[in-house]
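Chemist: Pasting in a structure now, in structure tokens, and then I'll have a few things to ask.
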Amino acid sequence: MNPAVLSLVVILAVSVNLSVSKDAAQETVSKHGQLSVKGANLLNKNGEIVQLKGMALYWSQWKPQYWNAETIQGIHDSCHSNVVRASMAVEYGGYLTDPEGQMKLVETVVEAAIANDLYIIVDWHEEKADTHQAEAVDFFDKISKKYGSYPNIMYETFNEPTTQAWSSTLKPYHEAVIKAIRANDPDNVIIVGTGQWSQRVDEAAEDPISDQINIMYTLHYYAGTHKQWLRDLAQGAIDKGLPIFITEYGTDNVDEVNWVDPEESALWWTWADSNNLSYTNWAICDVNEASAALIADTPTDKVCQADYLTESGKLVVAQNQK
Ligand SMILES: *[C@@H]1O[C@H](CO)[C@@H](O)[C@H](O)[C@H]1NC(C)=O
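For the sequence shown, the positions run 1 to 322 when the numbering used here is used.
Below, the structure written as structure tokens:
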């Protein structure tokens, strides 16, 4: 090969891999350690850009059978993840009515994540958290007191706000919860929910939380429903320097008929990887929904093993290895 052709090949080879994306199962806490946020990027203990890829647990009160150590190990070993999101239900029989039972589930999966070298996002999974601020503050105070010294832990203060205003309602709520967490944990990453089911990262970019370190903002999407317009909106927020974490995404269309959309999923992953964004897939469960990763009655010790994956689960596990 002549030198000119060789250098062209080198340039092409480099330019197709400008993201940090790789098999997430190899990129765990023992390697990357304490995370931090700088500009729009998530960094590891050495100040290098890091990408987390993994799975979200399904609603804790409806699928508690997947909130255990065996499943968490499977999420690392077989789902090829370096992060898991613990989507702890607040309403509908969740934390508000069963705080002890829900806390126990959260503690079980946090301890399993630490044992399996995974990052874990503790998610206050509801849509009206601003009306339960005192309960959220108390919950995050307890969690951060118990686990805030581990680099594994991240906090997600509010899953999906709906129509609440960012500046007058959501931002003050997040600031109250952040204050409670920071009293116990000075530096682990805190991810805050954004308006309209965690899509309006543009509103947060106009009025971000100030005087705090290691804050990220949530973006959620379902690939077949939320398309280029949402990527464009999010890109605008990133270009303004907003650090985004995709704590929930589905491969499917959630309009009327519920089906997996591989083409739009690929577009979303390409976009997320090109921005080094981290993401956790909805969800580890065996329910009859296109976004479920597991086939019906998947045993907890078979989570993400090849014979037990749905169409969506297969796509996601392959993506986590790229
Ligand atoms: C993603 O990370 C890689 C490796 O650190 C870096 O070269 C690239 O510029 C990053 N991309 C963006 C959009 O920040």
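Here a beta-carbon is modelled for each residue, glycine too, at the ideal position from N, C-alpha and C.
1. Considering only the alpha carbon of each residue, which of Trp-282, Gly-224, Ser-144 lies closest to Ala-292?
2. Is the CB-CB distance between Ala-327 and Trp-67 below 8 Å?
3. Alpha carbons only, please: which of Glu-256, Phe-245, Thr-298 is nearest the one belonging to Asn-41?
4. What residues match up with Glu-156 in a beta bridge as DSSP calls it?
5. Can Tyr-217 and Leu-233 be called in contact, C-beta distance under 8 Å?
6. Would you report the Cα separation of Asp-286 and Ile-295, rounded to the nearest angstrom?
7. Identify, in the order they occur along the chain, each residue of the same chain with its Cβ nearer than 8 Å to the Cβ of Gln-133, setting aside the five sequence neighbours on each side.
8. Check for me: the beta strand (DSSP E) holding Glu-248 runs from which residue to which?
9. Let me know if Gln-65 comes out buried or exposed under the rule of 16 or more other beta-carbons within 10 Å of its beta-carbon.
10. Would you mind stating whether Tyr-119 and Asn-159 have Cβ atoms separated by less than 8 Å?
11. Taking DSSP as the reference, what is the three-state secondary structure of Val-254?
12. Can you list, in chain order, the residues of its chain with a C-beta nearer than 6 Å to that of Val-260? Leave out the 5 residues immediately preceding and following it.
13. For a test of the three-state rule: what should DSSP assign to Lys-104, helix, strand or coil?
14. Are there any heavy atoms of ligand 1 lying less than 7 Å away from the beta-carbon of Val-20, as far as the coordinates show?
15. In terms of alpha-carbon separation, which member of Ser-168, Tyr-155, Ala-165 lies closest to Ala-180?
16. Who are the near neighbours of Glu-91 in its chain, counting only those whose CB is closer than 6 Å to its CB and skipping five residues on each side?
17. Might you give, ordered along the chain, the residues of its own chain that have their beta carbon closer than 6 Å to the beta carbon of Ala-129, omitting 5 neighbours on each side?
18. Comparing alpha-carbon positions, which option in Lys-322, Glu-263, Leu-219, His-226 lies nearest Ile-238?
19. For Gly-54, report the span of its alpha helix (DSSP H) as first-last.
20. Looking at C-alpha atoms only, which residue of Thr-28, Asp-255, Glu-203 is the closest neighbour of Ala-113?
21. In the DSSP assignment, find the unbroken alpha helix (DSSP H) run with Ser-274 in it and report its ends.
22. Just how far apart, CA to CA, sit Ile-190 and Tyr-308?
23. Express the C-alpha separation of Val-122 and Thr-131 in angstroms, rounding to a whole number.
24. Can you tell me whether Val-257 is buried or exposed, with buried defined as 16 or more other CB within 10 angstroms of its CB?
25. Verify the contact flag: Ile-153, CB atom, against every heavy atom of ligand 3, threshold strictly below 7 Å.
26. How far does the alpha helix (DSSP H) with Arg-231 in it reach, from first residue to last?
27. With DSSP as the reference, identify every bridge partner of Leu-42, one or two as the case may be.
28. Once the 5 residues before and after Ser-15 are set aside, which same chain residues still bring their CB inside 6 Å of it?
29. Return the residue from the list Asp-117, Ser-144, Gln-61 that minimises the CA-CA distance to Leu-105.
30. How is Thr-300 classed by DSSP in three states: helix, strand or coil?
31. Which of the three DSSP states, helix, strand or coil, is assigned to Ile-323?
Modeler: Based on what the coordinates show:
1. Trp-282
2. For residue 327 there is no data in the structure shown, the boundaries of the chain being 1 and 322.
3. Phe-245
4. BP columns for Glu-156 point to Asp-123, Ile-191.
5. If you check the CB distance, Tyr-217 and Leu-233 do not come in under 8 Å.
6. 5 Å
7. Tyr-173, Ala-176, Val-177
8. 244-250
9. exposed
10. no
11. If DSSP states are grouped into helix, strand and coil, Val-254 belongs with coil.
12. Thr-251, Asp-252, Ala-290, Glu-311, Ser-312
13. helix
14. Val-20: yes, Cβ under 7 Å from ligand 1.
15. Tyr-155
16. Glu-126
17. Ala-136, Phe-158
18. Leu-219
19. Looking at the DSSP string, Gly-54 is not in any alpha helix (DSSP H); the run it does join, the beta strand (DSSP E), is 53-57.
20. Thr-28
21. 262-274 is the extent of the alpha helix (DSSP H) around Ser-274.
22. 33 Å
23. 19 Å
24. exposed
25. The ligand content of the structure shown is limited to ligand 1, which means ligand 3 is not among them.
26. Looking at the DSSP string, the run of the alpha helix (DSSP H) that includes Arg-231 is 228-239.
27. Val-37
28. Unreliable positioning characterises Ser-15 in this predicted model, as indicated by a pLDDT of 49, which lies under 50. A coordinate reading is not provided.
29. Gln-61
30. helix
31. What is shown of the chain runs 1 to 322, which leaves residue 323 out entirely.
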